[in-house]
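Asks: Going by the UniProt record's numbering, the residue at position 149 of the sequence shown is 149; the numbering climbs one at a time, nothing skipped.
Each residue gets a CB set at the ideal place from its N, CA and C atoms; glycine is no exception.
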Amino acid sequence: MTADHDADDKLLDDETLEKLQAMEARAYVAFDAGDLAEATALFGELIELTPELPNLHYMRGLAHKYLRDWPASLQDNLRSEQLRDAFDEASAWNAGIAATGAGDWAEARRQWTRCGITLPEGEGPIDGNFGVACVRLNPWSSGETVYMRRLDPVRARVENVPLPESGFRFGDIVLHDGASTGHRSHGERQVPVFNAMQRLQQSDMATHAVFVRCDGPEDIAALRALTLPGIGLVEDWTESVRHLCLRCSYGTPHQHDDDRGDDETRDDDDHWESERNLGIAAQGRTAVEKLMAVWTAAGRGRVLEAIEQREHPLPDPEPGQVWWLGHEEEQPV
1 MTADHDADDK LLDDETLEKL QAMEARAYVA FDAGDLAEAT ALFGELIELT PELPNLHYMR
61 GLAHKYLRDW PASLQDNLRS EQLRDAFDEA SAWNAGIAAT GAGDWAEARR QWTRCGITLP
121 EGEGPIDGNF GVACVRLNPW SSGETVYMRR LDPVRARVEN VPLPESGFRF GDIVLHDGAS
181 TGHRSHGERQ VPVFNAMQRL QQSDMATHAV FVRCDGPEDI AALRALTLPG IGLVEDWTES
241 VRHLCLRCSY GTPHQHDDDR GDDETRDDDD HWESERNLGI AAQGRTAVEK LMAVWTAAGR
301 GRVLEAIEQR EHPLPDPEPG QVWWLGHEEE QPV
């Protein structure tokens, strides 16, 4: 080959490299802007041209993850693992999340084991005790934060009665992200806050908004102590629900003008709000009516004003929302 031909080949290589670098830059810009469809398309084009680069598979898998396309995300992360000489924890975690979302329990168990996580023995869904944490429901929308009991590294059961507008229920099993976006108080300790990715299993405990009047906290305590068939949980929303700003929903500590702290209630010894808004998780309205009849008959000053039950759909994320970042994060993990 002549010197002129060598120069042409080098020029072509430089032009190709420049084109690939520009396309990769566009792919990252699209991802960072929340344009996940464009990002997956661009990373896909790059993979066709340079299929042996593991990070391109990882990034397309990350975009598929936030699109909640679990089979595609799993395939991308498995390919990212195959192309690497050493264990890559990020690829393994995202493969585990995607396998869990897809219901591929054998692969999910394999990935968590590779990450050094001890699991209960057996096959199928993992039913362990991974502690208490918080989950942000619909992080692309209202971002209501509730407590959950973790069944495995990224699956958990909701342990509060969420507001009806969230579309979630007490007892729902949700898939959450693997990276914490903050912390919240739970008793005397801090627990991580995770973004919910989607609901995997709906509870049969529908949410009933119940409006009552009573004379003191002992009346609510008596109601919560009642156990009747079909009742899952009674929660005093007047005490527990805060309308949180974005920083609060991510668990980032800061002060409001009227901030009393997460563990303090709105009621104190000097002031009791007699009008209470309750969230009751129950299998049906009849169970709630029976519960309230027992409660009102057992104490003076207890008044049932209304029982409401409305279903709301789960909202989906919209293009352009970068909902997966914590308040102080700059890059996805």
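Below 7 Å between beta carbons: does that hold for Pro-315 and Asn-138?
Replies: Sequence index remark: in the sequence shown, residue 315 carries index 315 (1-based). Sequence index remark: in the sequence shown, residue 138 carries index 138 (1-based). In contact: Pro-315 and Asn-138 (Cβ atoms closer than 7 Å).
Asks: Which of the three DSSP states is assigned to Leu-228 in this structure?
Replies: One-based indexing of the sequence shown puts residue 228 at position 228. Coil at Leu-228, not helix or strand.
Asks: Roughly how many whole angstroms lie between the Cα atoms of Arg-114 and Asn-94?
Replies: What you label residue 114 is simply residue 114 of the sequence shown in a count that begins at 1. What you label residue 94 is simply residue 94 of the sequence shown in a count that begins at 1. Computed Cα separation, rounded: 12 Å.
Asks: Leu-175 and Gln-198 - do their beta-carbons sit closer together than 7 Å?
Replies: In the sequence shown, residue 198 corresponds to position 198, counting from 1. In the sequence shown, residue 175 corresponds to position 175, counting from 1. Against a cut-off of 7 Å, the Cβ pair of Leu-175 and Gln-198 comes out as a contact.
Asks: Please report how far the alpha carbon of Asp-177 lies from the alpha carbon of Phe-194, in whole angstroms.
Replies: One-based indexing of the sequence shown puts residue 177 at position 177. One-based indexing of the sequence shown puts residue 194 at position 194. Roughly 6 Å separates the two Cα atoms.
Asks: Kindly indicate the opening and closing residues of the alpha helix (DSSP H) around Val-29.
Replies: If you number the sequence shown from 1, residue 29 lands on position 29. Unbroken alpha helix (DSSP H) run through Val-29: 3-32.
Asks: Taking just the CA atoms, how far does Arg-68 sit from Ala-33?
Replies: On the sequence shown, residue 33 is found 33 positions in, with the first residue counted as 1. On the sequence shown, residue 68 is found 68 positions in, with the first residue counted as 1. Between Ala-33 and Arg-68, the C-alpha separation is close to 17 Å.
Asks: Could you have a look at Asn-195 and say whether DSSP puts it in helix, strand or coil?
Replies: As a first step, residue 195 is located in the sequence shown; it is residue number 195 there, counting from the start. Residue state, collapsed to three classes: strand.
Asks: Alpha carbon to alpha carbon, what distance is there between Ser-180 and Glu-89?
Replies: Residue 89 sits at position 89 when you count from the first residue of the sequence shown. Residue 180 sits at position 180 when you count from the first residue of the sequence shown. Computed Cα separation, rounded: 16 Å.
Asks: Taking Cβ positions, are Ser-73 and Ala-98 nearer each other than 7 Å?
Replies: The residue labelled residue 73 in the question sits at position 73 within the sequence shown. The residue labelled residue 98 in the question sits at position 98 within the sequence shown. Contact: yes.
Asks: Taking just the CA atoms, how far does Leu-78 sit from residue 334?
Replies: Residue coverage of the chain in this structure runs from 1 to 333, which leaves residue 334 outside it and unanswerable.
Asks: Taking all protein chains shown into account, do 16 or more other C-beta atoms lie within 10 angstroms of the C-beta of Asn-160, making it buried, or fewer, making it exposed?
Replies: Along the sequence shown, read from residue 1 onward, the residue named residue 160 stands at position 160. Buried: at least 16 other Cβ atoms inside 10 Å.
Asks: Please say whether Pro-192 and residue 334 have beta carbons closer to each other than 7 Å?
Replies: Lying outside 1 to 333, the shown extent of the chain, residue 334 is not represented and no answer is given.
Asks: Determine the burial state of Ser-166: buried for a count of at least 16 other Cβ atoms within 10 Å of its Cβ, exposed for fewer.
Replies: Residue 166 sits at position 166 when you count from the first residue of the sequence shown. Buried, because 16 or more other Cβ atoms sit within 10 Å of the Cβ of Ser-166.
Asks: Is the separation between the beta-carbon of Ala-281 and that of Val-288 shorter than 7 Å?
Replies: As a first step, residue 281 is located in the sequence shown; it is residue number 281 there, counting from the start. As a first step, residue 288 is located in the sequence shown; it is residue number 288 there, counting from the start. Cβ distance not < 7 Å, so Ala-281 and Val-288 don't count as in contact.
Asks: So is Gly-143 buried or exposed if we call it buried at 16+ other beta carbons inside 10 Å?
Replies: As a working mapping, residue 143 is identified with position 143 in the sequence shown. Per the 10 Å Cβ criterion, buried.
Asks: Within its chain, find whatever has a CB closer than 7 Å to the CB of Glu-24; leave out the 5 residues flanking it on each side and keep chain order.
Replies: Looking up residue 24 in the sequence shown gives position 24. Contacts found: Leu-46.
Asks: Among Val-294, Met-205, Phe-211, Val-241, which has the Cα closest to the Cα of Glu-311?
Replies: The sequence position of residue 311 within the sequence shown is 311, counting from 1. Measuring from the Cα of Glu-311, the nearest candidate turns out to be Met-205.
Asks: Do you know offhand how far Glu-188's Cα is from Val-146's?
Replies: Indexing the sequence shown from 1 puts residue 188 at position 188. Indexing the sequence shown from 1 puts residue 146 at position 146. For Glu-188 and Val-146, the distance between alpha carbons rounds to 17 Å.
Asks: At which residues does the beta strand (DSSP E) containing Asn-277 begin and terminate?
Replies: Taking the sequence shown and counting its residues from 1, one reaches residue 277 at position 277. That run of the beta strand (DSSP E) goes 275-282.
Asks: Kindly provide the ranges of any beta strand (DSSP E) runs that are 3 or more residues long and lie completely inside the region 73-153, ordered along the chain.
Replies: Within the region 73-153, the complete beta strand (DSSP E) runs of at least 3 residues are 132-136, 145-150.
Asks: Between the C-alpha atoms of Cys-214 and Arg-276, what's the straight-line distance to the nearest angstrom?
Replies: The count along the sequence shown starts at 1 and reaches residue 214 at position 214. The count along the sequence shown starts at 1 and reaches residue 276 at position 276. Using only the alpha carbons, I get a separation of about 8 Å.
Asks: Would you identify the three-state DSSP class for Asp-219, choosing helix, strand or coil?
Replies: Position 219 of the sequence shown holds residue 219. Helix.
Asks: Of the choices Ile-307, Gly-216, Glu-239, whose alpha-carbon is the least far from that of Arg-300?
Replies: To locate residue 300, count along the sequence shown from 1; it is residue 300. Among Ile-307, Gly-216, Glu-239, the Cα nearest to that of Arg-300 belongs to Gly-216.
Asks: Compute the Euclidean distance between the alpha carbons of Val-132 and Glu-123, then round it to the nearest angstrom.
Replies: For the purposes of this step, residue 132 is identified with residue 132 of the sequence shown, where counting begins at 1. For the purposes of this step, residue 123 is identified with residue 123 of the sequence shown, where counting begins at 1. If I take the Cα positions, the gap works out to 23 Å.
Asks: Bridge partners for Ile-173 per DSSP, in chain order?
Replies: Working through the sequence shown from its first residue, we reach residue 173 at position 173. In the DSSP output, where bridge partners are listed per residue, Ile-173 has Arg-157, Gln-201.
Asks: Just confirm the distance between the C-beta atoms of Arg-60 and Gly-44, as a whole number of angstroms; I'd bet it's less than 8 Å.
Replies: Indexing the sequence shown from 1 puts residue 60 at position 60. Indexing the sequence shown from 1 puts residue 44 at position 44. Rounded, the Cβ-Cβ distance is 6 Å, consistent with contact.
Asks: List the endpoints of the continuous alpha helix (DSSP H) containing His-64.
Replies: Numbered from its first residue, the sequence shown carries residue 64 at position 64. That run of the alpha helix (DSSP H) goes 54-66.
Asks: Excluding five sequence neighbours on each side, which residues of the same chain lie with their C-beta closer than 6 Å to the C-beta of Pro-229?
Replies: As a first step, residue 229 must be located in the sequence shown, where it is residue number 229. Nothing listed; no residue qualifies.
Asks: Out of Trp-323, Ala-86, Glu-273, Arg-285, point me to the one whose CA is closest to Ala-196's CA.
Replies: Taking the first residue of the sequence shown as position 1, residue 196 is located at position 196. Closest by alpha carbon: Trp-323.
Asks: Do you know how far the Cα of Glu-235 is from the Cα of Val-154?
Replies: Reading the sequence shown from its first residue, position 154 is the one you call residue 154. Reading the sequence shown from its first residue, position 235 is the one you call residue 235. So the alpha carbons of these two residues sit roughly 25 Å apart.
Asks: Closest to Val-158 by CA distance: which of Pro-125, Gly-128, Gln-202, Gln-190 is it?
Replies: Taking the first residue of the sequence shown as position 1, residue 158 is located at position 158. Among Pro-125, Gly-128, Gln-202, Gln-190, the Cα nearest to that of Val-158 is on Gln-202.
Asks: Taking only three categories from DSSP, how would you classify Thr-207?
Replies: Residue numbering aside, residue 207 sits at position 207 when the sequence shown is read from its first letter. Strand at Thr-207.
Asks: Considering only C-alpha positions, which residue in the set Asp-219, Ile-126, Met-292 is nearest to Asp-152?
Replies: Position 152 of the sequence shown, counted from the start, is the residue given in the question as residue 152. Measuring from the Cα of Asp-152, the nearest candidate turns out to be Ile-126.
Asks: Do Leu-233 and Phe-170 come within 7 Å of each other at the CB atom, strictly closer than that value?
Replies: Position 170 of the sequence shown holds residue 170. Position 233 of the sequence shown holds residue 233. Yes, they are a contact pair.
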